[in-house]
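Visitor:
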């Protein structure tokens, strides 16, 4: 590394390499790692765009040991947090995590270590940073580095936009964190620009390494949908090692795992619908070699470090090329030849495109949301869950709409708050107040008596308690924090409410219509982009030219086309994918669908005549018939209706046209 990494003596300059060797056991840096670490140690922020398995974690774990204070690592993946913290502790590094799997006692222990300055790395989920008490703790400690994993989620036009990620950039500014490291494996050049802009990262501090993995053979096998499982069985019979099979739907994961197990294969499903303990067991068994095949949705594999995965099979088309690149990157991390095969059928396009259409809000729901939020006072607090339920909008849609209002200068966020806390006293009140002065004793008693007394728990609404006692909300929260830190009570927060300041006067009806139209147009643009990404996967699988990507000659080489999608040019065909040497597209098989006829029209008419409140609008009925849930249908338990998903094989737009007719 260059001399700018650490100011001072020659020994200081070589120190990172020594730490790499002595603590992490690696003889040398991988491509790009030294460049990223150099920038961080020089006090600059950086963006690391490394492929899956490219060694991103060392880029913040190593600087954390050389910088004063704590490094805060933001990751949405509990499995990754647990694995990395366990590995760091095994190396003698003071690391911890805060996530929903910890007990209250474990949370208190981690928080105490943070405030003592005993931690070098603390892993948290993005949602943790919405906790006002946790943010207050961060104000009291020195945060040397903020590392943001899956940073592509900050980009509004990326494949996995998460509104919470936009708040991370604001948090870094509020806490005056001196440097930020954004990390991603799946950023196109445009998304990388978005991430760098959000975190104030200079163009020269974006470090991108090659995504090309010569040991991976990217194979596309056009396969009729009905033949995919049998072809998968044949491939697995020839495979000498472990494999991951990716599918789109949870029920498909269950069906494939059952079919493989019936054929004598060591296989299990993995998806978000399983209990936490079941998912953890499948993951543990796969990592330990007790399980050879996992049939999984995209919920599996994030942060999984298993070097000897010999094959990644896609039984369905992936949702995006970004997802595909990340998923195949989990094969062959040991550098040995590995197979990445896609059993491609155009039958999957309808399901994937319907998911995108299902997220588009109804005009009526979005209008209700705007009238509600913008009709409140200048200072307001909203529950995304309550808004989602009230206006039949998915919670992610509500969060995205509020984020758009922030971006457009209509709302400015204030600190998120929890509207309710539950306290379970661990000792009698007399013991809790023993030793306090009379004023504090009366205050603590007042806080506890102002809550709703249950058999085990006391339920407190901080705003109501503050009003009853004539005290500021902050003092009520400080008392709750003290009770938890002194282990006088077990505390649980709930009813998260996001705070905002309305920056403009209440809109006139004309202004409201203008805002509504602009928001709908934005959502429609997102919908069109998501559908285009789905079609792009099919074009790539067929060997057709992509709508975006590099400027190289048209080629059937799947590897060249995939790399071009991410702004990387490969001068010649890779020599190890199924498209090498081909110049003509290979069409994918598709099962012909009969047009929607009298039976479908009768089905829709029956739903309309029944007058379900959750199915009042044409888009609501179209979602239901395509098997897409919404808050209203879930609340009404209409997912159990035998007609739910009856037209799921048909394109959403066709079903919507039927419902509008």
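In the numbering used here, the protein residues as written are 121 to 781. Cβ atoms here follow ideal geometry from the backbone N, Cα and C, with glycine treated the same way. Since we're looking at a predicted model, the values are computed, not measured.
#1: Leaving out the 5 sequence neighbours to the left and right, which residues in its chain are closer than 7 Å to residue 581 when beta-carbon positions are compared?
#2: Hey, which unbroken runs of the beta strand (DSSP E) at 3 residues or more fall wholly within the segment 478-557?
#3: Rounded to whole angstroms, what is the Cα-Cα separation between residue 622 and residue 570?
#4: By how many angstroms is the C-alpha of residue 312 removed from the C-alpha of residue 670?
#5: Could you give the distance in angstroms between the alpha-carbon of residue 136 and the alpha-carbon of residue 173?
#6: Could you tell me which residues DSSP pairs with residue 646 in its beta bridges?
#7: Look at residue 737 and residue 778 and say whether their C-beta atoms are less than 9 Å apart.
#8: Who are residue 572's beta bridge partners in DSSP?
#9: Could you tell me the alpha carbon to alpha carbon distance between residue 309 and residue 678, rounded to whole angstroms?
#10: Please say whether residue 438 and residue 366 have beta carbons closer to each other than 9 Å?
#11: What does DSSP give as the partner residue(s) for residue 179 in the beta ladder?
#12: On the premise that residue 441 lies in contact with residue 276, defined as a C-beta separation below 8 Å, what is that separation, rounded to the nearest angstrom?
#13: If you drop the 5 nearest sequence neighbours on each side, which residues of the same chain put their C-beta closer than 8 Å to that of residue 488?
#14: Pick helix, strand or coil for residue 226, following the three-state DSSP scheme.
#15: Kindly indicate which residue of 333, 722, 607 and 316 has the alpha-carbon position closest to the one of residue 325.
#16: Taking the alpha-carbon positions, what's the residue 245 to residue 517 distance?
#17: Just to confirm before moving on: does the CB-CB distance between residue 507 and residue 635 stay below 9 Å?
#18: Within the same chain, show all residues whose beta-carbon is closer than 7 Å to that of residue 672, passing over the 5 residues directly before and after it, in chain order.
#19: What residue range does the alpha helix (DSSP H) around residue 381 cover?
#20: Under the three-state reduction of DSSP, which class applies to residue 616: helix, strand or coil?
#21: Can you name, in chain order, every residue of its own chain whose Cβ lies under 8 Å from the Cβ of residue 797, other than the five neighbours on each side?
#22: Could you pull out every residue in the same chain whose Cβ sits closer than 6 Å to the Cβ of residue 272, ignoring the five residues on either side in sequence?
#23: Quick check on the burial criterion: 16 or more other C-beta atoms within 10 angstroms. Buried or exposed for residue 176?
#24: Restricting to runs no shorter than 4 residues, where is the alpha helix (DSSP H) found entirely within the segment 223-290?
#25: Would residue 322 pass as a contact of residue 429 if the rule is Cβ separation under 9 Å?
#26: Tell me, which residues are paired with residue 600 by DSSP?
#27: Taking only the alpha-carbon atoms, compute the straight-line gap between residue 686 and residue 285 and give it to the nearest angstrom.
#28: Starting from the Cα of residue 180, find the closest Cα among 608, 266, 417 and 594 and give me that residue.
#29: Find the nearest neighbour of residue 259 within the set 292, 228 and 227, judged by alpha-carbon distance.
#30: Identify every run of the alpha helix (DSSP H) within the segment 737-770, keeping only runs that are complete inside it and at least 4 residues long; order them along the chain.
#31: Return the Cβ separation of residue 417 and residue 373 in integer angstroms, given the expectation that the two are a contact with Cβ distance under 8 Å.
#32: Measuring only the C-alpha atoms, how far is residue 527 from residue 519?
#33: On the criterion of 16 or more Cβ atoms from any shown chain inside 10 Å, does residue 739 qualify as buried, or is it exposed?
#34: If distances are taken between C-alpha atoms only, which option among 196, 187, 492 and 232 comes closest to residue 604?
Guide: In short, the structure shows the following:
#1: So the qualifying residues of the chain are 539 and 540.
#2: The segment 478-557 contains, as complete beta strand (DSSP E) runs of 3+ residues, the segments 499-502, 531-533 and 537-545 (chain order).
#3: Roughly 31 Å separates the two Cα atoms.
#4: For residue 670, the pLDDT reaches just 43, beneath the cut-off of 50, and the residue's location in the model is therefore unreliable, although a value from the coordinates is still provided. Rounded to whole angstroms, residue 670 to residue 312 spans 15 Å at the Cα level.
#5: Cα to Cα, residue 136 sits roughly 21 Å from residue 173.
#6: In the DSSP output, where bridge partners are listed per residue, residue 646 has none listed.
#7: No, the Cβ-Cβ distance between residue 737 and residue 778 is not below 9 Å.
#8: Checking the DSSP bridge columns, you'll see residue 572 partnered with 579.
#9: One Cα belongs to residue 309, the other to residue 678, and the distance between them is close to 19 Å.
#10: For residue 366 and residue 438, yes; Cβs fall inside 9 Å.
#11: For residue 179, which the question treats as bridged, DSSP gives no partner whatsoever.
#12: That pair is no contact at about 18 Å.
#13: Counting only Cβ-Cβ distances below 8 Å, and skipping sequence neighbours, we find 510 and 511.
#14: It is helical.
#15: The closest CA to that of residue 325, considering only 333, 722, 607 and 316, is found on 316.
#16: If I take the Cα positions, the gap works out to 20 Å.
#17: Contact flag unset, no.
#18: Since pLDDT at residue 672 reaches only 42, below the 50 mark, its modelled position is unreliable, and the value read off the structure follows with that caveat. Cβ neighbours of residue 672 beyond the five flanking positions: 680, 684 and 689.
#19: Segment 370-382, the alpha helix (DSSP H) holding residue 381.
#20: Three-state DSSP puts residue 616 in a strand.
#21: Absent from the structure is residue 797, since the part of the chain shown begins at 121 and ends at 781.
#22: Answer for residue 272: 278, 304, 306, 307 and 311, listed in chain order.
#23: When all chains shown are included, residue 176 counts as buried.
#24: With a minimum length of 4 residues, the continuous alpha helix (DSSP H) runs that stay inside the segment 223-290 are 224-236 and 252-259.
#25: Taking the C-beta atoms as reference points, residue 429 is found no nearer than 9 Å to residue 322.
#26: Bridge partners of residue 600: none, in fact.
#27: Taking the straight line joining both Cα atoms gives about 22 Å.
#28: With distances taken between Cα atoms, residue 180 lies closest to 266.
#29: Distances from the CA of residue 259 to each of 292, 228 and 227 were compared; the closest alpha carbon is that of 292.
#30: For the segment 737-770, whole alpha helix (DSSP H) runs of length 4 or above, ordered along the chain, are 738-745 and 751-755.
#31: Contact between residue 417 and residue 373 holds, since their C-beta atoms are separated by about 6 Å, short of 8 Å.
#32: The straight-line gap from Cα to Cα measures roughly 12 Å.
#33: By the 10 Å Cβ count, residue 739 comes out buried.
#34: Of the listed residues, the one whose Cα sits closest to residue 604 is 232.
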